[in-house]
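Visitor:
There are 2 protein chains.
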Amino acid sequence: MSDDVQSGWVQRPTIRDIARAAGVSVSTVSHVLNEYGDISAQTEHRVREVMEQLNYYPSALARRLVAKRSYVLQLLLFAVEGLHHPFFYEVTCGITAEVEKAGYELVLGVKDTRDRRWRETLRRCYEAKVEGIMLMGTLPSAKVLAEVRASGVPAVMIDIPFEGPRVTYVTSDNIAGARRAAEHLISLGHRNIIYVDGYDQPGEYAPLPTIAVARRIGYEEALRAHGIGFDPSLLCIGNYTQEGARSAVRAKLELRPDATAVFAISDVMAFGAMKAVRDTGRRVPTDVAVVGFDDIEAASYVRPALTTIKQQGELMGRSAVCELLRIITNPKRSPKATVLPAELVVRESCGASRLSSQLA
Amino acid sequence: MSDDVQSGWVQRPTIRDIARAAGVSVSTVSHVLNEYGDISAQTEHRVREVMEQLNYYPSALARRLVAKRSYVLQLLLFAVEGLHHPFFYEVTCGITAEVEKAGYELVLGVKDTRDRRWRETLRRCYEAKVEGIMLMGTLPSAKVLAEVRASGVPAVMIDIPFEGPRVTYVTSDNIAGARRAAEHLISLGHRNIIYVDGYDQPGEYAPLPTIAVARRIGYEEALRAHGIGFDPSLLCIGNYTQEGARSAVRAKLELRPDATAVFAISDVMAFGAMKAVRDTGRRVPTDVAVVGFDDIEAASYVRPALTTIKQQGELMGRSAVCELLRIITNPKRSPKATVLPAELVVRESCGASRLSSQLA
DNA sequence: ATCGGTGACTATATCGTTATAGAAACTCCT
DNA sequence: AGGAGTTTCTATAACGATATAGTCACCGAT
Chain E
0 MSDDVQSGWV QRPTIRDIAR AAGVSVSTVS HVLNEYGDIS AQTEHRVREV MEQLNYYPSA
60 LARRLVAKRS YVLQLLLFAV EGLHHPFFYE VTCGITAEVE KAGYELVLGV KDTRDRRWRE
120 TLRRCYEAKV EGIMLMGTLP SAKVLAEVRA SGVPAVMIDI PFEGPRVTYV TSDNIAGARR
180 AAEHLISLGH RNIIYVDGYD QPGEYAPLPT IAVARRIGYE EALRAHGIGF DPSLLCIGNY
240 TQEGARSAVR AKLELRPDAT AVFAISDVMA FGAMKAVRDT GRRVPTDVAV VGFDDIEAAS
300 YVRPALTTIK QQGELMGRSA VCELLRIITN PKRSPKATVL PAELVVRESC GASRLSSQLA
Chain A
0 MSDDVQSGWV QRPTIRDIAR AAGVSVSTVS HVLNEYGDIS AQTEHRVREV MEQLNYYPSA
60 LARRLVAKRS YVLQLLLFAV EGLHHPFFYE VTCGITAEVE KAGYELVLGV KDTRDRRWRE
120 TLRRCYEAKV EGIMLMGTLP SAKVLAEVRA SGVPAVMIDI PFEGPRVTYV TSDNIAGARR
180 AAEHLISLGH RNIIYVDGYD QPGEYAPLPT IAVARRIGYE EALRAHGIGF DPSLLCIGNY
240 TQEGARSAVR AKLELRPDAT AVFAISDVMA FGAMKAVRDT GRRVPTDVAV VGFDDIEAAS
300 YVRPALTTIK QQGELMGRSA VCELLRIITN PKRSPKATVL PAELVVRESC GASRLSSQLA
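Which chain is which? The protein sequence lines are E and A, in order.
Residue numbers for the first sequence follow numbering that gives the first Met the number 0, beginning at 0 and rising by one.
Residue numbers for the second sequence follow numbering that gives the first Met the number 0, beginning at 0 and rising by one.
#1: Kindly indicate which three-state DSSP category Phe-366(A) falls into: helix, strand or coil?
#2: How would you list, in chain order, the residues of chain E whose beta-carbon sits under 7 Å from the beta-carbon of Leu-134(A)?
#3: Between which two residues does the alpha helix (DSSP H) holding Tyr-300(A) run?
#4: Near Ala-205(A), which residues of its chain fall below 7 Å by C-beta distance, leaving aside the five closest residues on each side in sequence?
#5: Rank Ala-336(A), Arg-282(A), Ala-319(A) and Ser-348(A) by C-alpha distance to the C-alpha of Tyr-300(A) and give the top, closest one.
#6: Grab me the residues of Tyr-55(A)'s own chain with a C-beta within less than 6 Å of its C-beta, minus the 5 sequence neighbours each way, in chain order.
#7: According to the neighbour-count rule (16 or more other Cβ atoms, all chains shown, within 10 Å of its Cβ), is Ser-373(A) buried or exposed?
#8: Under 8 Å, Cβ to Cβ, is there at least one residue of chain A near Val-109(E)?
#9: Pull the bridge partners of Ile-38(E) from the DSSP assignment, please.
#10: Quick check on Val-106(E) - is its C-beta less than 8 Å from some C-beta in chain A?
#11: Exposed or buried, what is His-183(E) when buried is set at 16 or more other beta-carbons lying within 10 Å of its beta-carbon?
#12: For a quick check, are the C-beta atoms of Phe-86(E) and Leu-76(E) less than 8 Å apart?
#13: Using a Cβ cut-off of 8 Å (strictly closer), state whether Ala-288(A) contacts chain E.
#14: So, using beta-carbon positions, are Lys-309(A) and Val-344(A) closer together than 8 Å?
#15: Please compile the residues from chain E whose C-beta is within a distance smaller than 7 Å of the C-beta of Tyr-56(A).
#16: Note down, in chain order, each residue of its chain lying with its Cβ closer than 6 Å to the Cβ of Lys-128(A), except the 5 sequence neighbours on either side.
#17: Using a C-beta cutoff of 8 Å, does Ala-334(A) count as contacting chain E?
#18: Helix or strand or just coil, what does DSSP make of Asp-111(E)?
#19: So does the region 288–299 of chain A actually touch the region 323–343 of chain E, counting three or more Cβ pairs closer than 8 Å?
#20: Please name the residue or residues paired with Asp-196(A) in a DSSP beta bridge.
#21: From the DSSP secondary-structure annotation, give me the bridge partner or partners of Ile-132(E).
#22: Based on Cα-Cα distance, which residue from Glu-253(A), Val-289(A) and Ala-260(A) lies nearest to Phe-270(A)?
#23: Check the Cβ of Arg-63(A) against every Cβ in chain E and list those closer than 7 Å, keeping chain order.
#24: Taking its Cβ as the centre, do 16 or more other Cβ atoms sit within 10 Å of Glu-89(E), making it buried, or is it exposed?
#25: Given that Ala-297(E) touches chain A, what residues does it touch there, using C-beta distances under 8 Å?
#26: Touching or not, the region 56–63 of chain E and the region 58–73 of chain A, by the rule of three or more beta carbon pairs under 8 Å?
#27: Just to check my reading of the structure: Glu-313(E) and Gly-93(E) have Cβ atoms closer than 8 Å, yes? What is that Cβ distance to the nearest angstrom?
#28: Check each candidate in Ser-318(E), Arg-302(E) and Ile-174(E) and name the one with the smallest Cα separation from Arg-346(E).
#29: Check whether chain E comes within 8 Å of Phe-229(A), counting only Cβ atoms and requiring the distance to be less than that.
#30: When the Cα atoms are used, what is the spatial distance from Gly-228(E) to Ala-260(E)?
#31: Would you say Phe-292(A) reaches chain E, if we count a Cβ-Cβ gap shorter than 8 Å as a contact?
#32: Does Ser-69(E) get closer than 8 Å to chain A when you measure Cβ to Cβ?
#33: Can you have a look at Tyr-368(A) and say buried or exposed, based on whether 16 or more other CB atoms are within 10 angstroms of its CB?
#34: Which partner residues of Phe-262(A) appear in the DSSP bridge assignment?
#35: In or out: Thr-209(A) buried (at least 16 other Cβ within 10 Å) or exposed?
#36: Using only CA atoms, which one of His-225(A), Glu-119(A), Thr-337(A) and Glu-104(A) lies nearest to Lys-100(E)?
Structure, rendered in structure tokens:
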């Protein structure tokens with residue numbers, strides 16, 4: 000208690016201290032702790048009293064070692080902007096709630112996608128003997144997934160629609176969502192729609208199937224269905240940031256003054272697009288309609304309020320944890336895809352409400 | 000590998016397996032792992048090869064047990080809305096970055112403030128032998144702090160300006176921030192300012208000094224400095240949510256049509272206030288000016304863009320971790336308060352820019 | 001008196017590491 | 001040749017818990 004030079008550890012009583020103080024064996028204390036029910040009320044009472052007095056807490060470390068279970072789940076988020084994307088944050092909420100409920104611990108790891116030391120991060124997970132890994136965001140490399148799979152540690156991908164060698168994943172229906180967004184714009188009469196992508200595809204940060212790929216597919220499907228060809232000169236890259244999208248869209252609007260709409264694959268980029276429209280002296284939605292993707296909270300705060308595709312972030316997090324726990328209890332389980340609905344939320348930025356009120 | 004019924008643990012090779020396969024003793028493998036430098040190059044090579052082949056990862060659990068260190072920090076967030084408040088999210092970003100850098104693990108725990116089982120949550124921390132605890136949000140009870148202090152586990156409070164029996168904490172300068180916000184409104188000529196508080200004070204959820212108390216102090220200071228009395232009938236409760244603030248402010252605006260400004264102690268509530276103003280047929284900032292607190296990202300997205308007090312969330316998280324690590328290495332350290340600057344960010348919702356352009 | 005059963009408790013091995021203290025084989029010096 | 005010093009490796013006891021397999025009294029039935 001006095002000259003405990005060893006840092007990082009408050010010297011706490013162990014099961015042995017309790018046993019000694021209560022005048023019983025270590026086994027007896029253990030039996031009390033685990034409620035074996037073969038200890039007399041009298042002895043049990045004495046043991047509990049001593050535990051209380053000495054402020055004893057059994058070491059989860061030691062317990063886990065002998066139980067060969069860590070009760071730890073790992074959330075690994077790879078992102079360029081850190082945890083900054085509000086959507087990930089919503090997912091994280093759902094995850095914590097569900098992990099807590101299941102009696103597990105959640106270790107949170109946020110890595111920069113551009114950081115080449117992801118192997119080290121994985122190694123730490125293996126060393127910590129985490130019982131499951133959740134992968135979210137933009138993976139630094141397809142090898143991440145291969146490694147995790149090879150490790151045999153149960154894993155689920157969140158918001159990464161991986162179609163190749165099967166893995167369990169949870170995403171929104173990105174294809175349908177993007178299709179709906181595009182169809183909505185087309186139905187409002189738009190033909191020249193600027194498409195704001197995340198990163199360059201296939202690019203340095205995204206050698207894997209990503210939500211971006213899926214959304215692009217849905218978008219092109221909608222165009223095709225209406226006989227509109229995909230025009231690459233309407234494509235720009237917003238890097239998932241507001242400022243990135245703002246400058247990209249501004250440049251694009253100057254090049255293509257005939258564009259009357261913007262579809263950004265994230266709300267944050269849609270906000271940037273709205274700013275870009277104003278930068279060029281035009282108005283949203285009168286001159287240029289804007290639609291986003293995610294339906295983060297801020298989407299309803301902005302003016303005009305953003306029309307977007309609603310993703311159920313919290314539910315996504317919860318589902319991911321449930322799936323992971325299922326794999327943990329039954330490792331032979333074959334991979335399963337959970338695809339959550341992605342619905343169109345019509346607000347003001349697309350001009351639909353204005354139009355409908357004109358019609359009325 | 001085949002009939003491993005035991006779930007939650009992929010049977011992995013242990014140091015013993017490596018030793019056997021490499022034909023050396025367990026000690027030798029340990030020495031290789033820890034780079035004692037007393038193993039011949041030849042032997043070391045062989046051992047490393049075997050480790051590679053068998054996919055060996057030393058168990059952090061066992062290591063920590065013998066090292067008597069857990070290398071785990073715990074973030075405990077108490078909130079009514081879960082992790083939903085965007086500001087906490089920014090803080091969390093800073094925390095993860097710094098924890099990672101220090102070679103620790105971060106366990107994330109989010110508890111509902113209204114949940115009475117917080118003792119159990121704390122017990123879990125003690126059992127996990129976490130080396131430090133970060134407390135954030137609205138504590139369920141003052142006893143939480145007392146318990147944590149009594150436990151002897153190093154702890155810092157984040158965004159909880161605790162003034163009583165000294166604890167290390169990190170917050171923004173809430174008093175100065177609120178004072179600046181109020182003074183700004185007063186300088187623009189406002190006299191009847193609606194004050195949107197978080198929870199009822201002193202209420203069920205907040206029996207402790209909170210940021211809300213501090214902000215209220217700064218607000219009243221500003222009023223007093225300008226000879227304006229605090230009018231309790233201008234006070235309302237927004238519960239830190241957008242909808243809560245919206246309905247509270249709407250009701251208040253109807254009761255007090257003479258109010259020309261709103262100061263909400265969080266941006267999210269300020270967004271609700273802006274909606275409330277519009278609900279009553281008035282405009283922001285022409286009829287009613289609105290100022291918030293936090294400067295979350297969305298503050299710059301909304302229209303009119305929100306004038307607010309900027310808090311450095313990410314820095315707050317980083318500082319908290321640094322302080323915690325300092326306490327861990329030197330437990331005798333006396334508690335320290337870190338108060339980060341809270342600056343006024345003038346945007347559109349207060350009408351200052353309009354006014355200054357009129358003057359120009 | 002012997003036996004079986006039960007209630008209350010305990011001794012010891014084990015989990016997968018590291019720390020401590022040696023041991024065995026060389027090399028070098030005188 | 002004998003000892004000191006190196007180099008390389010190892011045996012064993014921790015760390016703090018649980019699991020397994022007891023032991024020992026005592027009670028009632030035969």
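Think of the CB as a built atom: it goes at the ideal place given N, C-alpha and C, for glycine as much as any other residue.
Guide: If we stick to the structure as given:
#1: Only positions 0 to 359 of chain A appear in this structure, which leaves residue 366(A) out of reach.
#2: Numbered from its first residue, the second sequence carries residue 134(A) at position 135. None at all; the shortest Cβ gap to chain E is about 16 Å.
#3: To locate residue 300(A), count along the second sequence from 1; it is residue 301. Segment 297–300, the alpha helix (DSSP H) holding Tyr-300(A).
#4: On the second sequence, position 206 is the one that residue 205(A) refers to. Any reading at Ala-205(A) needs caution, since the residue's pLDDT is 46, under 50, leaving its predicted position unreliable; the model's value is listed next. So the qualifying residues of the chain are Thr-137, Tyr-198 and Ala-211.
#5: As a first step, residue 300(A) must be located in the second sequence, where it is residue number 301. Ranking the options by Cα distance to Tyr-300(A), first place goes to Ser-348(A).
#6: Counting from 1 along the second sequence, the entry for residue 55(A) is found at position 56. Here the set comprises Pro-12 and Ile-17.
#7: A query on residue 373(A) cannot be resolved here, the shown segment of chain A reaching from 0 to 359 and no further.
#8: Start at 1 with the first residue of the first sequence, and residue 109(E) comes out as number 110. True, the Cβ-Cβ gap to chain A drops below 8 Å.
#9: Taking the first sequence and counting its residues from 1, one reaches residue 38(E) at position 39. Answer is none; Ile-38(E) lacks a bridge partner.
#10: Translated into the one-based positions of the first sequence, residue 106(E) becomes position 107. So, interface residue.
#11: Taking the first sequence and counting its residues from 1, the one referred to as residue 183(E) is at position 184. His-183(E) is buried by the Cβ-count criterion.
#12: Mapped onto the first sequence, residue 86(E) falls at position 87. Mapped onto the first sequence, residue 76(E) falls at position 77. No, Cβ-Cβ distance for Phe-86(E) and Leu-76(E) is not below 8 Å.
#13: Here residue 288(A) refers to the residue found at position 289 when the second sequence is read from its first residue. No, Ala-288(A) does not count as interfacial toward chain E.
#14: Working through the second sequence from its first residue, we reach residue 309(A) at position 310. Working through the second sequence from its first residue, we reach residue 344(A) at position 345. Result yes, Cβ atoms of Lys-309(A) and Val-344(A) sit closer than 8 Å.
#15: Along the second sequence, one-based indexing puts residue 56(A) at 57. What Tyr-56(A) touches in chain E: Arg-122, Tyr-125 and Glu-126.
#16: Counting from 1 along the second sequence, the entry for residue 128(A) is found at position 129. Result list for Lys-128(A): Ser-69, in chain order.
#17: Residue numbering aside, residue 334(A) sits at position 335 when the second sequence is read from its first letter. Note that residue 334(A) is Pro in the sequence shown, not Ala. Not closer than 8 Å to any Cβ of chain E, the Cβ of Pro-334(A) fails to qualify, so no.
#18: The residue given as residue 111(E) occupies position 112 in the first sequence. DSSP places Asp-111(E) in strand when its eight states are reduced to three.
#19: no
#20: For this step, residue 196(A) is matched to residue 197 along the second sequence. Its beta-bridge partners are Ile-236(A).
#21: Start at 1 with the first residue of the first sequence, and residue 132(E) comes out as number 133. Gln-73(E) and Ala-154(E), per the DSSP bridge assignment.
#22: For this step, residue 270(A) is matched to residue 271 along the second sequence. When each option's Cα is compared against that of Phe-270(A), the closest is Val-289(A).
#23: As a first step, residue 63(A) is located in the second sequence; it is residue number 64 there, counting from the start. Within chain E, the residues near Arg-63(A) are Leu-60.
#24: Within the first sequence, residue 89(E) is the residue found at index 90, counting from 1. Buried is the call here.
#25: Taking the first sequence and counting its residues from 1, one reaches residue 297(E) at position 298. The contacting residues are Glu-296, Ala-297, Tyr-300 and Val-301.
#26: yes
#27: For the purposes of this step, residue 313(E) is taken as residue 314 along the first sequence, with counting starting at 1. For the purposes of this step, residue 93(E) is taken as residue 94 along the first sequence, with counting starting at 1. Contact flag correct, Cβ pair sits at about 4 Å.
#28: The residue given as residue 346(E) occupies position 347 in the first sequence. Answer by Cα proximity: Arg-302(E).
#29: Position 230 of the second sequence, counted from the first residue, corresponds to residue 229(A). Closer than 8 Å: no.
#30: The count along the first sequence starts at 1 and reaches residue 228(E) at position 229. The count along the first sequence starts at 1 and reaches residue 260(E) at position 261. Straight-line Cα distance between these residues: approximately 16 Å.
#31: Taking the second sequence and counting its residues from 1, one reaches residue 292(A) at position 293. Chain E, which has no Cβ nearer than 8 Å to the Cβ of Phe-292(A), makes this no.
#32: In the first sequence, the residue the question calls residue 69(E) occupies position 70. Yes, contact with chain A.
#33: Residue 368(A) is absent from the model: chain A starts at 0 and stops at 359.
#34: As a position in the second sequence, residue 262(A) is number 263, starting the count at 1. According to DSSP, Phe-262(A) bridges with Tyr-194(A) and Val-290(A).
#35: Start at 1 with the first residue of the second sequence, and residue 209(A) comes out as number 210. Per the 10 Å Cβ criterion, buried.
#36: In the first sequence, residue 100(E) corresponds to position 101, counting from 1. Looking at the Cα atoms, Glu-119(A) is the closest of the given residues.
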